[in-house]
Amino acid sequence: MHITLSINGKDHELDLDPRTSVLDALRDHLDLIGTKKGCDHGQCGACTVLVNGRRINSCLTLAVMHEGDAITTIEGLGTPEALSPLQAAFVAHDGFQCGYCTPGQICSATGMLEEMRAGWPSHVSEDLLAAPDLSDAEISERMSGNLCRCSAYTNIVAAITEVAEARDEAV
Amino acid sequence: MDVSLKMDEPVAESLLDTTNQNIVSQPVDRVEGPLKVSGTARYSAEYKFPGLLHGVLVSAPMGKGRILKIDAGSIEKLPGIVTVITDYDTFLRNPAQGQDEEAPEQGVRDVSYFGQPVALVVGESFEAARHGAQRIALDMRPDEGRFDFAARKHMAEPKKRSRKAQGDLDAALAAAHATIDAIWTTPSQTSAAMEPHAGIAVWEDNKLTLYGSYQMLASDRLQLADALGLKPEQVRIVARYVGGGFGGKLGISAESVAAAVAAMRLNRPVRVVMTRQQVTEATVRRSNTEQRIRLGADAEGRLTAVAHETITANLDRSSFSEPASASTQFLYGGQARLFLNSIVRMDQLLSASMRAPGEAVGMLALECAMDELAETLGMDPVALRLRNIPARHPMDGLPFSSRSLAECLEIGARDFGWSDRDPRPAQRREGDWWIGVGMAAAARSNMLIKSSARVMLAPDGTAVVETDLTDIGTGSYTILAQITAELLGLPVSSVEVRLGDTDFPPSSGSGGSFGAASAGSSVYLACESLRQEIAEKLGIAPKDLVLTEGMARHGNVSRPLHEILSGPLTAIGTIEPGEMEEKFVQAGFGAHFCEVGVNAHSGEVRVRRMESTFAAGRILNEKTATSQCLGGMVFGIGAALTEDLMHDPRNGAIVNHDLAEYHVPVNADIPALKVRFLEERDEKANPLFAKGIGELGISGAGAAVANAIYNACGVRVRDYPITLDKLIEKLPPA
Ligand code: FES
Ligand code: FES
Chain P
1 MHITLSINGK
11 DHELDLDPRT
21 SVLDALRDHL
31 DLIGTKKGCD
41 HGQCGACTVL
51 VNGRRINSCL
61 TLAVMHEGDA
71 ITTIEGLGTP
81 EALSPLQAAF
91 VAHDGFQCGY
101 CTPGQICSAT
111 GMLEEMRAGW
121 PSHVSEDLLA
131 APDLSDAEIS
141 ERMSGNLCRC
151 SAYTNIVAAI
161 TEVAEARDEA
171 V
Chain S
1 MDVSLKMDEP
11 VAESLLDTTN
21 QNIVSQPVDR
31 VEGPLKVSGT
41 ARYSAEYKFP
51 GLLHGVLVSA
61 PMGKGRILKI
71 DAGSIEKLPG
81 IVTVITDYDT
91 FLRNPAQGQD
101 EEAPEQGVRD
111 VSYFGQPVAL
121 VVGESFEAAR
131 HGAQRIALDM
141 RPDEGRFDFA
151 ARKHMAEPKK
161 RSRKAQGDLD
171 AALAAAHATI
181 DAIWTTPSQT
191 SAAMEPHAGI
201 AVWEDNKLTL
211 YGSYQMLASD
221 RLQLADALGL
231 KPEQVRIVAR
241 YVGGGFGGKL
251 GISAESVAAA
261 VAAMRLNRPV
271 RVVMTRQQVT
281 EATVRRSNTE
291 QRIRLGADAE
301 GRLTAVAHET
311 ITANLDRSSF
321 SEPASASTQF
331 LYGGQARLFL
341 NSIVRMDQLL
351 SASMRAPGEA
361 VGMLALECAM
371 DELAETLGMD
381 PVALRLRNIP
391 ARHPMDGLPF
401 SSRSLAECLE
411 IGARDFGWSD
421 RDPRPAQRRE
431 GDWWIGVGMA
441 AAARSNMLIK
451 SSARVMLAPD
461 GTAVVETDLT
471 DIGTGSYTIL
481 AQITAELLGL
491 PVSSVEVRLG
501 DTDFPPSSGS
511 GGSFGAASAG
521 SSVYLACESL
531 RQEIAEKLGI
541 APKDLVLTEG
551 MARHGNVSRP
561 LHEILSGPLT
571 AIGTIEPGEM
581 EEKFVQAGFG
591 AHFCEVGVNA
601 HSGEVRVRRM
611 ESTFAAGRIL
621 NEKTATSQCL
631 GGMVFGIGAA
641 LTEDLMHDPR
651 NGAIVNHDLA
661 EYHVPVNADI
671 PALKVRFLEE
681 RDEKANPLFA
691 KGIGELGISG
701 AGAAVANAIY
711 NACGVRVRDY
721 PITLDKLIEK
731 LPPA
C-alpha cells in the first residue's frame with residue numbers, strides 16, 4: 001500500500017505491506033533504527049514512540065493506520081551532537097547499560113512528563129484530582145511499561161527527576 | 001611491538017598508580033553514550049544490505065519426537081516467500097556453551113525440546129516470512145518425553161569430578177551444637193536480554209560475515225566455522241553493540257547458523273531475528289536447582305561442617321551443571337566439607353551459564369542457611385559471618401589474593417543502620433505492612449582469560465584501540481578508553497575504541513566478569529610498550545617518562561608527541577593467566593543489606609531499601625561499575641521475588657515464554673538502590689589490580705531479600721521465587 005507517514009516533522013512516502021507495524025516501517029523501511037524491537041508484542045516498551053505527543057508501543061500498531069499522524073522517534077528528540085535534556089541526563093546518570101531499551105525509555109519519559117504536567121494521575125497517586133508530585137514512586141510507576149533488563153532503573157529515575165525538576169524551576 | 005605477560009608473579013607496581021592522570025577510576029560518562037541515547041548505535045539486526053532477505057525460524061511444536069516432513073509446498077504460493085531452508089544435519093540442536101571451540105551438537109530431525117528451531121522460512125519481507133513460518137505444515141511423530149523434574153530427580157547422576165569432600169561430615173554434624181539441614185529450590189530462569197538474538201549473514205567470495213549478537217566473538221567464530229564446515233579464516237563476526245547478554249549470548253545459537261546456511265545457499269544476505277518466544281524457548285536457560293545444605297557449628301558459632309549438594313537438569317550429552325556451591329567452597333570455614341553436583345536428564349532447552357552461574361542461585365540457599373543458623377545460635381547474622389571468614393581456603397589451604405569481606409560486612413552494616421534491627425520476626429508494622437531487614441554476603445570468583453588488544457598512537461596525540469571484546473552494556477568502550485588515556489597521557493576524547501569484530505585481536509570476550517580485567521590488561525600492556533618506545537626515543541628510562549596532555553615530559557623538558565614520533569606507533573598486548581590463579585584464591589566480595597515490606601493481608605513483598613557494599617580490586621570506572629552492581633542486585637531481587645521459567649511437566653512447553661508472563665523486575669519494583677565500593681588493589685589478579693564486577697552484585701542479593709522477608713513476617717520460604725501465594729497462608733494474624 002502506498003502511504004505517507006510524517007515522522008520527526010518530515011513526510012515519507014512508503015510502499016508497505018499492510019501488515020507492517022509502525023516499528024518495522026521505521027526500522028526496516030526508513031532506517032530509523034533507534035526505535036527497538038524487544039518483544040513485538042507490547043510487553044517491553046523498547047519500541048515506544050510518540051504519536052501526536054502520546055507515547056505508544058509502535059509494535060502494536062500498523063503503519064497504514066497512521067497517515068496524518070505526527071510520529072516522533074528518538075531520532076527526532078536529539079542527535080549525538082545536540083542531545084535533548086533527557087538524553088543528556090541519561091548519559092550523565094548512566095541511565096542505561098547495553099542501550100537497547102534506552103530510546104524507548106527516553107521517548108516514554110518525554111511523553112510521561114507531559115502526562116504529569118497535564119495532571120494525569122497514576123496508580124500510586126494519592127489524590128486523583130491533585131497535580132501529581134514528582135516522587136520516585138510516581139516516576140517509577142509511570143515508567144514501568146519500559147523494561148530494562150540491564151536494570152538501570154535507579155539511574156533512570158534519577159535522570160528523569162533531574163530534567164523534570166529543572167523544567168519545573170524554569171516554568 | 002608485541003608484548004605479553006603471563007600472570008605467574010604478582011605485579012609489583014601498576015602504572016595506573018603512578019601515571020597520575022586521574023582518569024582511571026573516575027566516573028567518566030560512557031563514551032558511546034550519546035550514540036545510544038540518540039538511537040544511532042547500530043545493533044546487529046540493523047545493518048542494511050541491498051537484496052536483504054528475511055528469515056523466520058520454525059519452532060518444533062512438540063517437546064520430543066521426530067520430524068517426518070516439513071512441507072515447503074504448503075506455503076510456497078504465499079506472496080513474498082522465497083524458500084524454506086531445511087538442513088537437518090547442520091542446524092543446531094542447541095546453542096554452544098561459552099568458550100567452546102567447536103560447534104555444539106547439531107541435527108534437528110530428532111526434536112529434543114519444545115520449540116527447537118527446525119527450519120527457516122525465507123521471505124522477501126519480514127511480514128511474508130513470519131506468515132510462512134506460522135502457516136507451514138509440519139508433520140512430527142511424538143515420542144515419550146522427559147518433562148517432569150520432580151518425578152525424575154531420583155535418577156540424577158553425579159557430575160564427573162564435581163565431588164569434593166574433606167573430613168567426617170556425619171560425625172561433625174552429630175557433634176555440632178547447632179545444625180541446619182534443609183533443601184532450597186530455585187526455578188529455571190532466562191537471561192531475557194532486551195535485544196533478541198539476531199544475525200545477518202553475508203556470504204561473499206567464499207567468506208561469511210555475520211553481524212551477530214554475541215558476547216565472545218573469538219570462540220563464537222570457531223563454533224560457527226565448525227558448524228558450517230568452514231575454516232575460521234572464512235568467518236568474521238561483527239557485534240559492535242550488543243543489547244545485553246547475561247550469559248544468554250555466550251555461544252552461538254540457532255539464528256546465526258540458519259542465517260548462514262540460507263545466505264550460502266541463496267547467495268543473498270539473510271537476516272534472522274528470533275522472536276521473544278524463541279529466545280525464551282530455544283536459547284539457553286539457567287537450570288532449575290534443588291540444593292541441600294547442611295551446616296554444623298559449635299556454641300560460639302564457628303562452623304564445623306559445610307555441605308552443599310546440588311541437583312540440576314540438562315539435555316542428554318550436555319555436561320554443564322550449575323555450580324551452585326562455587327562460593328560455598330571458600331566463603332566460610334569449617335573442617336568437614338562435602339560438595340557435589342548431579343544432573344537429571346531432561347528434554348528441556350539447554351542449561352548453560354546465566355549471570356553468575358553458580359553463585360547466583362547457590363547463594364540464595366547458602367546465605368539463607370546462614371541466616372537460619374544465626375537464628376538457631378541466637379547470633380547476629382553479620383557476627384556469624386565475621387566469625388567464619390577462613391584464614392585460607394578451607395580445603396586446599398591457598399591464601400586469598402585480596403579479600404575485604406569483613407570490611408564490607410562492617411561498613412555495610414554501619415551505613416545501613418543494621419544495629420537497629422530487631423532479630424525477632426514480625427515485630428515492626430507500618431499500616432498494612434510488616435517491615436523487616438535482612439542481609440547476605442556476596443562472593444564471586446575472579447578469573448583472567450587470555451586476551452589481546454592493539455593500540456595505535458598517532459603523532460597528533462590520538463590513539464586507536466582494537467580488540468574483539470564486546471560491550472554488552474558492561475562499559476568496555478569506556479574503560480578501555482580510560483586506561484589508554486591514562487597511560488598515554490591523552491584526554492579520553494582522543495582515544496577511539498573499536499570493539500566487536502573478529503578482524504581485531506582476539507580477546508577474552510564478555511562473560512564470567514572477566515572482560516574488563518582481561519581485555520583491560522591487554523590494553524595496559526600495549527600502552528606500557530608504547531611508553532617504553534617513546535622513552536627509548538627520548539633516551540630516558542621509562543619510569544622517568546611523564547605523558548600528559550599529548551606531551552612527553554622528563555625532568556624539565558616537555559615536548560609534543562608529534563616532535564618525537566615520525567609516524568604512528570603500534571603495539572599488541574596479550575595477557576594470559578598463570579600461576580597466580582593456582583597459588584591464590586581470587587574473588588570479589590561484598591555485603592547486601594535490604595529492607596522489605598510484606599503486606600499483612602496479601603503477602604505481597606516490596607523491596608523498600610537495599611544497600612550493598614563491594615570490594616573488587618581497583619574500580620576502573622565508578623559510574624559503570626556501579627551500574628553493573630545495580631543490575632546484578634536487580635537480577636537478585638528478580639530471582640528472589642518473581643522470576644520463574646515454568647516448564648509444563650506434561651509436554652515440556654514453556655508456559656511463560658514471553659515478557660508478559662516471565663516477570664523480570666520493572667521500574668516500580670525497584671527502590672533507589674545504593675552501591676558503595678571499598679578501596680582495594682589486587683596485584684595477584686592482573687596489572688590493573690582490578691577484579692571482576694559484573695556478577696558480584698547478583699551474588700547473595702536475593703538471599704538478603706529472603707532473609708528480610710523472614711524478619712518482616714516470620715515466614716521462611718525455601719522455594720524460590722517467594723511469591724505471595726507461598727506466604728499468604730503462613731502470615732501472622734493481620
Ligand atoms: S517491542 Fe513493542 S513493546 Fe516490546
Ligand atoms: S540498558 Fe540494557 S536493557 Fe536497558
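Listed in order, the protein sequences are those of chains P and S.
Quick note: the first sequence uses UniProt numbering, first residue 1, plus one each step.
Quick note: the second sequence uses UniProt numbering, first residue 1, plus one each step.
By construction, the Cβ of each residue, glycine as well, lies at the ideal position given by its N, Cα and C atoms.
Every value quoted in this text rests on a predicted model; they were computed, and no experiment measured them.
Query                                                                                                                                                                                         : Result
List, from N- to C-terminal side, the beta strand (DSSP E) runs of 3 residues or more that fit wholly inside the segment 395-424 of chain S.                                                  : none
Name the two residues that bound the continuous beta strand (DSSP E) containing Leu35/S.                                                                                                      : Segment Gly33 to Val37 is the alpha helix (DSSP H) holding Leu35/S; no beta strand (DSSP E) there.
Tell me which residue opens and which closes the beta strand (DSSP E) that Thr4/P is part of.                                                                                                 : His2 to Ile7
Enumerated in chain order, which unbroken segments of the alpha helix (DSSP H) with a length of 4 residues or greater are wholly contained in the segment 293-369 of chain S?                 : 328-331
Would you mind sorting Thr4/P into buried or exposed? The rule is 16 or more other CB atoms within 10 Å of its CB.                                                                            : exposed
At least one CB of chain S closer than 7 Å to the CB of Asn46/P: is that the case?                                                                                                            : Strictly speaking, residue 46/P in this sequence is Ala, with Asn absent from that position. Cβ-Cβ to chain S under 7 Å: yes for Ala46/P.
Taking a Cβ distance cut-off of 7 Å, strictly less, list which residues of the segment 596-613 of chain S are near chain P, in chain order.                                                   : none
Quick one: residues with CB closer than 6 Å to any heavy atom of ligand 2, in chain order, please.                                                                                            : Phe96/P, Gln97/P, Cys98/P, Gly99/P, Tyr100/P, Cys101/P, Thr102/P, Cys148/P, Arg149/P, Cys150/P, Ala152/P, Met194/S, Gly244/S and Gly473/S
For the alpha helix (DSSP H) that contains residue 780/S, what are its first and last residues?                                                                                               : No statement about residue 780/S is possible, as the shown extent of chain S runs from 1 to 734 and does not include it.
Residues of chain S with CB under 8 Å from Cys150/P, in chain order?                                                                                                                          : Met194, Gly244, Gly473, Ser627 and Gly631
By the 7 Å beta-carbon criterion, what residues does the segment 95-127 of chain P contribute toward chain S?                                                                                 : Phe96, Gln97, Cys98, Gly99, Tyr100, Cys101, Thr102, Pro103 and Ile106
What number of angstroms, rounded off, separates the C-alpha of Glu115/P from the C-alpha of Glu195/S?                                                                                        : 28 Å
What does the alpha-carbon distance come out to for the pair Ala587/S and Ile619/S?                                                                                                           : 14 Å
Report the neighbours of Asn155/P on chain S: residues whose CB is nearer than 8 Å to its CB, in chain order.                                                                                 : Ser627 and Leu630
Between Ala672/S and chain P, is the shortest Cβ-Cβ distance under 7 Å, so that the two count as touching?                                                                                    : yes
Fully enclosed by the segment 500-587 of chain S, which beta strand (DSSP E) runs are 3 residues long or longer?                                                                              : 546-548, 551-554, 557-560 and 569-577
Spatial neighbours of Val585/S within its chain, please: CB distance less than 6 Å, with the 5 preceding and 5 following residues excluded, ordered by chain position.                        : Phe330, His393, Leu398 and Phe400
Suppose you measure from the CA of Ala440/S to the CA of Ala703/S; what does that come to, to the nearest Å?                                                                                  : 6 Å
Compute the Euclidean distance between the alpha carbons of Arg337/S and Asp205/S, then round it to the nearest angstrom.                                                                     : 58 Å
Can you give me the start and stop residues for the alpha helix (DSSP H) that Gln278/S sits inside?                                                                                           : Arg276 to Ala282
Identify, in the order they occur along the chain, each residue of the same chain with its Cβ nearer than 6 Å to the Cβ of Ser529/S, setting aside the five sequence neighbours on each side. : Met1, Val3 and Ala571
Where DSSP assigns a beta bridge to Phe689/S, which residues make up the other side?                                                                                                          : Answer is none; Phe689/S lacks a bridge partner.
Which stretch, first to last residue, makes up the beta strand (DSSP E) that contains Asn57/P?                                                                                                : Arg54 to Asn57
Mind reading off the beta-carbon distance from Val497/S to Tyr477/S? Whole number of angstroms is fine, and I expect it under 8 Å.                                                            : 5 Å
Taking 6 Å as the cut-off, is the CB of Asp422/S close to at least one heavy atom of ligand 1?                                                                                                : no
Are there three or more Cβ pairs, one per stretch, closer than 8 Å when the segment 183-193 of chain S is compared with the segment 274-285 of chain S?                                       : yes
Determine the chain P residues that contact Val664/S at a beta-carbon separation under 7 Å, and present them in chain order.                                                                  : Leu147 and Arg149
Would you say Cys594/S touches ligand 1, meaning its beta carbon is less than 6 Å from a heavy atom?                                                                                          : no
Do you know offhand how far Arg345/S's Cα is from Ala166/P's?                                                                                                                                 : 58 Å
Can you list, in chain order, the residues of its chain whose CB lies under 7 Å from that of Leu731/S, leaving out five sequence neighbours each side?                                        : Ala600, Gly603, Cys713 and Val715
Look at Thr289/S and Ala326/S and say whether their C-beta atoms are less than 7 Å apart.                                                                                                     : no
Answer yes or no: the CB of Gly45/P versus the heavy atoms of ligand 1, is any distance below 6 Å?                                                                                            : yes
Which residue's Cα is closest to the Cα of Gly107/S: Ala227/S, Asn446/S and Phe689/S?                                                                                                         : Ala227/S
Using 7 Å as the limit for Cβ to Cβ distance, is Val634/S near chain P?                                                                                                                       : yes
Which residues in chain S have a C-beta closer than 8 Å to the C-beta of His41/P? List them in chain order.                                                                                   : Arg276, Asp658, Leu659 and Ala660
Between which residues of its own chain and Glu622/S is the CB-CB distance below 8 Å, once the five residues before and five after are set aside?                                             : Ser25, Gln26, Pro27 and Phe677
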